[in-house]
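Colleague:
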Amino acid sequence: MIAGMTLVTFGIRYLLLPLSGHIPFPDGLQRALRFVPPAVLTAIIVPAALMPDGSALQLSHTNPYLVGAVLTALIGWLSRHLLVTIVCGMAGFAAWQWILSRWA
Amino acid sequence: MEKISQQRPVACAPDRPPGAGATRNAEFWAGARDTLPLIIGAIPFGIIFGTLAGGAGLSAAATMGMSLFVFAGSAQFIAVGLVGAGTAWPMIVLTTLVVNFRHLLYTATLLPHLRRLPRRWQVVLAFGLTDETFVVAAGHWADADPGEHKQWYQLGSMAFMYTNWNLCTLVGLLAGRVLQHIGGWGLDFAMVAAFIGMVIPYLTDKPAYATVLVSGACAVTFHGLPYQLGLIIAALVGMAAGVIVERRLRAGH
């Protein structure tokens, strides 16, 4: 199982490199790839924040993942500092979870 | 090492910051340093993986083997879940393939830079092309400075991620019993926080906003699809939205 997982993971990450000399790389595609990081990261973040149990949308202040994500985005927007964003975002999430456990 | 670099004059200061003429050493450590914030997000993730794997019935050797050889966080998590559910191994390998499919986009993005490197560099850097290292390295490759050793920057980032990931897996394994309920502490939010921090620098123009909005909406809409297919669809549709908005803006001016 692990050998198979290793093979497919490395295969996907490596595949295009030896082929790169043989496939055309049009300009339009090149421009589209600029959007890869925000597109992939957002597609991971948004469901994790809005549907933490993996099925239903939880658009409520009782969903600490949503509150934490909004808070982290705000801090990130204002601070423009990655480390500050992550640490304060995690702290905010933990604090909100604690508040909910006490009063909700 | 590489012939090109041996021909260069040895005028570089040993620890110049990255930029034009940065040394291999400087690039390597700059890559590691720039990955540090993301390491903080990955630490709980790795520890939780170590604790969960034991609980799902994976042996200690198999758990470490996964972190050492597969080195793909989200795929490893899903594999552990499937092992716990008694899924047959070919199905787990297939799921890994689909979950990691986004990495094909990563290699495609870095292709103009990586294609010039020797084969062994390509093999090593491809092995370590995680979400985090990709985002950090993509930013550095895109910088205009003509650094000649930028591959060392990516190597520094991946080496740091790799060491940390395996140490955290080990800690999770060893502390398994004590930390059994760690999943309930919400430390899994660390990854969300790290990824949000990684997206924000990209929000510089309208096409980027379109990408993020459309990708996020599609990810929620298609979340019910199996094997995280929704993630791939959302990413591709989001990228298309970015390209379309960019074209419109260009046509308008």
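Residue numbers (this note's numbering), protein chains in the order written: chain G, 23 to 126; chain P, 91 to 343.
In this text, a Cβ means the ideal position worked out from N, Cα and C, and glycines have one as well.
Answer yes or no: does any C-beta atom of chain C fall closer than 8 Å to that of residue 212 (chain P)?
Modeller: No chain C is part of this structure, whose protein chains are labelled G and P.
Colleague: Measure the beta-carbon distance from residue 255 (chain P) to residue 157 (chain P) and round it to whole angstroms, keeping in mind my assumption that it falls under 8 Å.
Modeller: That pair is a contact at about 6 Å.
Colleague: Which value, in whole angstroms, describes the spacing of the CA atoms of residue 189 (chain P) and residue 234 (chain P)?
Modeller: When rounded, the distance between both Cα atoms is 32 Å.
Colleague: Using the rule of at least 16 other Cβ atoms within 10 Å of the residue's Cβ for burial, across every protein chain shown, is residue 44 (chain G) buried or exposed?
Modeller: That one is exposed.
Colleague: Secondary structure at residue 329 (chain P), three-state DSSP: helix, strand or coil?
Modeller: DSSP places residue 329 (chain P) in helix when its eight states are reduced to three.
Colleague: Where does residue 76 (chain G) fall in DSSP's three states?
Modeller: Here residue 76 (chain G) sits in coil by DSSP.
Colleague: At least one CB of chain G closer than 8 Å to the CB of residue 328 (chain P): is that the case?
Modeller: Judged by the 8 Å Cβ criterion, residue 328 (chain P) is in contact with chain G.
Colleague: Determine, for residue 88 (chain G), whether the minimum Cβ-Cβ distance to residues of chain P falls below 8 Å.
Modeller: Judged by the 8 Å Cβ criterion, residue 88 (chain G) is not in contact with chain P.
Colleague: Would you say residue 84 (chain G) faces chain P, with C-beta separation under 8 Å as the test?
Modeller: No, because no Cβ of chain P sits closer than 8 Å to the Cβ of residue 84 (chain G).
Colleague: Which residues in chain P sit within 8 Å of residue 39 (chain G), going by Cβ to Cβ distance?
Modeller: The answer, in chain order, is 197, 201, 204, 205, 212, 216.
Colleague: Closer than 8 Å, Cβ to Cβ, to anything on chain P: give me those residues from the segment 90-121 of chain G, in chain order.
Modeller: Correct list: 90, 91, 94, 95, 98, 99, 102, 104, 105, 107, 108, 109, 111, 112, 115, 116, 119.
Colleague: Considering only the beta carbon of each residue, do residue 24 (chain G) and residue 159 (chain P) sit closer than 8 Å?
Modeller: Yes, Cβ-Cβ distance for residue 24 (chain G) and residue 159 (chain P) is below 8 Å.
Colleague: With residue 283 (chain P) as the anchor, note down where its alpha helix (DSSP H) starts and where it stops.
Modeller: Per DSSP, residue 283 (chain P) belongs to the alpha helix (DSSP H) from 279-289.
Colleague: Counting only beta-carbon separations shorter than 8 Å, does residue 292 (chain P) have a partner in chain G?
Modeller: Chain G, which has a Cβ nearer than 8 Å to the Cβ of residue 292 (chain P), makes this yes.
Colleague: Buried or exposed: residue 242 (chain P), going by 16 or more other Cβ atoms within 10 Å of its Cβ?
Modeller: With 16 or more other Cβ atoms within 10 Å, it is buried.
Colleague: Once the 5 residues before and after residue 122 (chain P) are set aside, which same chain residues still bring their CB inside 8 Å of it?
Modeller: Only 246, 247, 249, 250 meet the Cβ criterion.
Colleague: Quick check on the burial criterion: 16 or more other C-beta atoms within 10 angstroms. Buried or exposed for residue 112 (chain P)?
Modeller: Label assigned to residue 112 (chain P): buried.
Colleague: Return the CA-CA distance between residue 82 (chain G) and residue 283 (chain P), expressed in angstroms with no decimal places.
Modeller: Residue 82 (chain G) and residue 283 (chain P): Cα-Cα distance of roughly 19 Å.
Colleague: When the Cα atoms are used, what is the spatial distance from residue 161 (chain P) to residue 167 (chain P)?
Modeller: Each residue's Cα considered, the two are about 11 Å apart.
Colleague: Quick one: which residues of the segment 28-57 of chain G get their C-beta closer than 9 Å to a C-beta of chain P? List them in chain order.
Modeller: Under the 9 Å Cβ criterion, the segment 28-57 of chain G contributes 28, 29, 30, 31, 32, 33, 34, 35, 36, 37, 38, 39, 40, 42, 43, 47, 50, 51, 52, 53, 54, 55, 56, 57.
Colleague: Residue 121 (chain G) by DSSP, collapsed to three states: which one?
Modeller: Helix, per DSSP.
Colleague: Around the C-beta of residue 60 (chain G), are 16 or more other C-beta atoms found within 10 angstroms, so that it is buried, or is it exposed?
Modeller: Burial call: buried.
Colleague: Cβ of residue 331 (chain P) within 8 Å of Cβ of residue 309 (chain P)?
Modeller: No, these two residues do not count as a Cβ contact at 8 Å.
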